[in-house]
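Colleague: Each number in our numbering corresponds to the 1-based position in the sequence shown with 4 added. Idealized CB from N, CA, C, for every residue including glycine.
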Amino acid sequence: MKKRLVGLLMAGTMVLCLAGCSSGSEKQEETSDEPQGNTYTVWAWDANVEAIQEAADMYNEATGANIQLDVVTVVNEDSRNKLVTMGETGDYDSLPDFTLMEDTAISQFVNSYPDMLIDLTDYDIPWQDLVESKRSLYTIDDRYYALPMDSGASIAMYRTDYLEEAGYTIDDLSNVTWDRVIEIGADVYEKTGHYLLLDDATSCLFR
5 MKKRLVGLLM AGTMVLCLAG CSSGSEKQEE TSDEPQGNTY TVWAWDANVE
55 AIQEAADMYN EATGANIQLD VVTVVNEDSR NKLVTMGETG DYDSLPDFTL
105 MEDTAISQFV NSYPDMLIDL TDYDIPWQDL VESKRSLYTI DDRYYALPMD
155 SGASIAMYRT DYLEEAGYTI DDLSNVTWDR VIEIGADVYE KTGHYLLLDD
205 ATSCLFR
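1. Taking contact to mean at least 3 C-beta pairs separated by less than 8 Å, is the segment 66-79 in contact with the segment 107-117?
2. With a cut-off of 8 Å on the beta carbons, I'd call N80 and W49 a contact; round off their distance for me.
3. If you reduce the DSSP assignment to three classes, tell me which class D50 lands in.
4. Determine the closest residue to A109 out of L201, E65, A55 and Y142, with distance taken between C-alpha atoms.
5. Check for me: the beta strand (DSSP E) holding T77 runs from which residue to which?
6. Residues in the same chain with beta-carbon distance under 8 Å from Y193, minus the five sequence neighbours each way, listed in chain order, please.
7. Which value, in whole angstroms, describes the spacing of the CA atoms of E92 and N85?
8. Whose C-beta lies closer than 8 Å to the C-beta of T89 among residues of the same chain, with five residues either side of it excluded?
9. For the candidate residues S137, I122 and D133, whose alpha-carbon lies nearest to that of Y149?
10. How long is the line joining the alpha carbons of G197 and D191, rounded to whole angstroms?
11. May I ask you to report which of helix, strand or coil DSSP gives T103?
12. Would you decide whether K195 is buried or exposed? Buried here means 16 or more other CB atoms lie within 10 Å of its CB.
13. Leaving out five residues on either side along the sequence, give the residues of the same chain with a beta carbon under 6 Å from the beta carbon of Y162.
14. Give me the Cα-Cα distance between V135 and D165, rounded to the nearest whole angstrom.
15. What's the gap between the Cα of L202 and the Cα of N42?
16. Quick check on the burial criterion: 16 or more other C-beta atoms within 10 angstroms. Buried or exposed for S83?
17. Could you tell me the boundaries of the alpha helix (DSSP H) in which L87 lies?
18. May I ask which residues mark the beginning and end of the alpha helix (DSSP H) holding A190?
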């Protein structure tokens, strides 16, 4: 089996997964690991297709390269299910060169299918310049397995009526530490029976 680039990119809270292994004849083993020509296959869902193409255009302009992207629209859950199936069957020849996914899913794929994603650590990438909160999500055993496409802004939205019922205002949650947010959240729940923050974190888990 040989390594071939499959790809990782992160978009905000999402990421493109790179990498893989493919098996082949002795003759194939002697060929380049690069995809045919300068065309790369990318899996992404609708909202990111235009941004991914624009990134390729910017890369070509900055470097003089002439890479072409074959962007295939695949919704998040379908993409994840396809990757799991390929991982379970070892069908790495069917992997795309790049695929978009949540950054929180990277460690699951690396740990479950260690030959699927390529290790990007030794590529000429200024890793320490990337946002630590994002970088930590695709760092496994001090190795890097993804690249951020951006680090989109995040916001927290609170029910001010719940806060008021518990004796707080939005100012009490502004410019505070996470320890203080947790403390207030616990107090709000105790006094009102409502959680301060709600999040369904099951969408990127293997099923």
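Modeller: According to the structure data:
1. no
2. Against the sequence shown, residue 80 aligns to sequence position 76. Against the sequence shown, residue 49 aligns to sequence position 45. The beta carbons of N80 and W49 sit about 6 Å from each other, so the pair counts as a contact at 8 Å.
3. The residue you call residue 50 lines up with position 46 of the sequence shown. Three-state DSSP puts D50 in a helix.
4. Taking the sequence shown and counting its residues from 1, the one referred to as residue 109 is at position 105. Out of L201, E65, A55 and Y142, Y142 has the C-alpha closest to the C-alpha of A109.
5. To locate residue 77, count along the sequence shown from 1; it is residue 73. T77 -> beta strand (DSSP E) spans Q72 to T77.
6. Taking the first residue of the sequence shown as 1, we reach residue 193 at position 189. Closer than 8 Å at the Cβ level, and outside the excluded window around Y193, lie Y199 and L200.
7. Here residue 92 is taken as the residue at index 88 of the sequence shown, counted from 1. Here residue 85 is taken as the residue at index 81 of the sequence shown, counted from 1. Rounded to whole angstroms, E92 and N85 show a C-alpha spacing of 11 Å.
8. Taking the first residue of the sequence shown as position 1, residue 89 is located at position 85. Taken in chain order, the residues that qualify are D95.
9. Reading the sequence shown from its first residue, position 145 is the one you call residue 149. Per the Cα distances, I122.
10. Here residue 197 corresponds to residue number 193 of the sequence shown, with the count starting at 1. Here residue 191 corresponds to residue number 187 of the sequence shown, with the count starting at 1. Each residue's Cα considered, the two are about 9 Å apart.
11. Taking the first residue of the sequence shown as position 1, residue 103 is located at position 99. Three-state result, T103: strand.
12. Here residue 195 refers to the residue found at position 191 when the sequence shown is read from its first residue. Within 10 angstroms of the beta-carbon of K195 lie fewer than 16 other beta-carbons, which makes it exposed.
13. Taking the first residue of the sequence shown as 1, we reach residue 162 at position 158. Nothing listed; no residue qualifies.
14. Position 131 of the sequence shown, counted from the start, is the residue given in the question as residue 135. Position 161 of the sequence shown, counted from the start, is the residue given in the question as residue 165. Spanning the two alpha carbons is a distance of roughly 34 Å.
15. Residue 202 sits at position 198 when you count from the first residue of the sequence shown. Residue 42 sits at position 38 when you count from the first residue of the sequence shown. Their Cα atoms are separated by approximately 44 Å.
16. Residue numbering aside, residue 83 sits at position 79 when the sequence shown is read from its first letter. S83 should be labelled buried.
17. Counting from one through the sequence shown, the residue named residue 87 turns up at place 83. Note, L87: alpha helix (DSSP H), N80 to T93.
18. For the purposes of this step, residue 190 is taken as residue 186 along the sequence shown, with counting starting at 1. Segment W182 to T196, the alpha helix (DSSP H) holding A190.
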